[in-house]
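Q: Starting off with a structure, shown below.
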Amino acid sequence: MNPTITPAPTTEEELQQLRSSLPKELWFNSYPMYFYQNCWNIILDSTISCQNHFQAQDSDIFIASIPKTGTTWLKSLIFAIFNRNNYRISENPLLKHNPHELIPQLESIIYANPQNPDLKTLEKKLDYPRILGTHLPIQSLPTSIKTSNCKIIYICRNPFDTFVSSWLFYLNYDENESVKSNMIDEYFGKFCEGKFPFGPFEDHVLGYWKQSLEESGKVLFVKFEDLKDDPKGQLKKLGEFVGYPFTSEEEQDGKIDEIMKLCSIEKLKEVEANKNGRVYSFIENKWFFRKGEVGDWVNYLSPTMVERFEKIMDEKCCNGLKL
Ligand code: A3P
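The opening position of the sequence shown corresponds to residue 24 in my numbering, with each subsequent residue numbered one higher.
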């Protein structure tokens, strides 16, 4: 994996200089996105802090994604896979905690306060490897993630479902009063231009896709649609990839089915922490669980909108990736 592109700034002065030199957009008229390392980064200071300081370990597992592609679901599945023999199913922490609390995001939770990262969470003695989430594009990952033997599971999703999920998610925010649901065309236009949190979408996806082809032992590429279509097959693949495969006895005893049920959107929606809790002060946990369906975009996007993005994908897509 290519270790780095440009060195990250290390002083506040350098950071300020960088901020003022980068193209900037306000997502939903509220959240600054900077075009940093070929990506519209919505958490620049935290990204730079973790690029400068985070040390990956060979045993670490990262769940990488562009937001709204099924990150929460994959986190719950990976947590359940690793902990399948640590708890009785009825006592699984997923029934008490939101998946983002159990598997924190590297840049937006651990390094949320860039000057004072939450290293305690990283140092916690766990009886399974450190598992962290990240929305960073592959080129912006801290160098130690690229050079160590840690593993990355990347989840991607159909771009239209991803856009719709993101659109509806951001409409929930109180601060976003100036953005109305009838502005979907305008925002889809921004998505097509790549001006979307952690976009361009297709570059984020292709970066990890290409790496998964080059280093299949390090990067596993998973599709939301495949998880829906063949959850059992995908769970087996995940177990094998993280070095904790299901035995045939476990399979016969229904362990995989148990995990699928535990991590189903219906079950997770019932969990009190997911109904009323907050992992991020500005997001209600319940927003992470909407429909969880494939193809809901047909209810929101017109054929012309779809064609426009398909053209962009056709121009960029390669190596057999179909989304
Ligand atoms: P929809 O808005 O289309 O319903 P992320 O976790 O990356 O933020 O993605 C959120 C999307 O994943 C939402 O999609 C959400 O409903 C869906 N999702 C969350 N948990 C899920 C689960 N257990 N099974 C299937 N989909 C799930």
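All C-beta atoms, glycine included, are put in the ideal place defined by N, C-alpha and C.
In the structure shown, what three-state DSSP assignment does ASN199 receive?
A: Reduced to three states, the DSSP call for ASN199 is helix.
Q: Considering only heavy atoms of the ligand A3P, does any lie closer than 7 Å to the CB of ARG107?
A: The answer is no for ARG107.
Q: Would a C-beta distance cut-off of 8 Å place TYR231 and PHE219 closer than the cut-off?
A: No, these two residues do not count as a Cβ contact at 8 Å.
Q: Answer yes or no: the CB of SER204 versus the heavy atoms of the ligand A3P, is any distance below 7 Å?
A: Answer for SER204: no, Cβ out of range of the ligand A3P.
Q: Between ASP280 and the rest of its own chain, which residues show a CB-CB distance below 8 Å, the 5 nearest in sequence each way excluded?
A: Closer than 8 Å at the Cβ level, and outside the excluded window around ASP280, lie LYS255.
Q: Does the contact criterion of 3 or more C-beta pairs under 8 Å hold for the region 61-79 versus the region 32-49?
A: Yes: the two stretches touch, three or more of their Cβ pairs being nearer than 8 Å.
Q: DSSP three-state call for SER287: helix, strand or coil?
A: Of the three classes helix, strand and coil, the one that applies to SER287 here is coil, per DSSP.
Q: With which residues is CYS62 paired in a DSSP beta bridge?
A: In the DSSP output, where bridge partners are listed per residue, CYS62 has TYR59.
Q: Alpha carbon to alpha carbon, how far is PHE105 from ILE306?
A: Whole-angstrom Cα-Cα distance: 27 Å.
Q: Compute the beta-carbon to beta-carbon distance between LYS241 and ILE175, rounded to the nearest angstrom, for a pair I have assumed lies under 8 Å.
A: So it is a contact: roughly 6 Å between Cβ atoms.
Q: Against chain C, with Cβ distances strictly below 8 Å, would GLU293 count as a contact?
A: Absent here is chain C; the protein component of the structure consists of one chain.
Q: Would you kindly report the start and end of the unbroken beta strand (DSSP E) that includes LYS213?
A: Premise fails: LYS213 lies in the alpha helix (DSSP H), 207-215, not in any beta strand (DSSP E).
Q: Can we count CYS179 as close to the ligand A3P, meaning its CB is less than 7 Å from some heavy atom?
A: CYS179: no, Cβ never under 7 Å from the ligand A3P.
Q: Return yes when the Cβ of GLN234 is within less than 8 Å of the Cβ of GLN162, no when it is not.
A: Cβ atoms of GLN162 and GLN234: not closer than 8 Å.
Q: Where does the unbroken alpha helix (DSSP H) through LYS246 begin, and where does it stop?
A: That residue, LYS246, is in no alpha helix (DSSP H); its beta strand (DSSP E) goes 242-246.
Q: Going by DSSP, what residue range makes up the beta strand (DSSP E) through TRP310?
A: Run containing TRP310: none; DSSP gives neither H nor E here.
Q: Would you decide whether TYR110 is buried or exposed? Buried here means 16 or more other CB atoms lie within 10 Å of its CB.
A: Under this definition TYR110 is an exposed residue.
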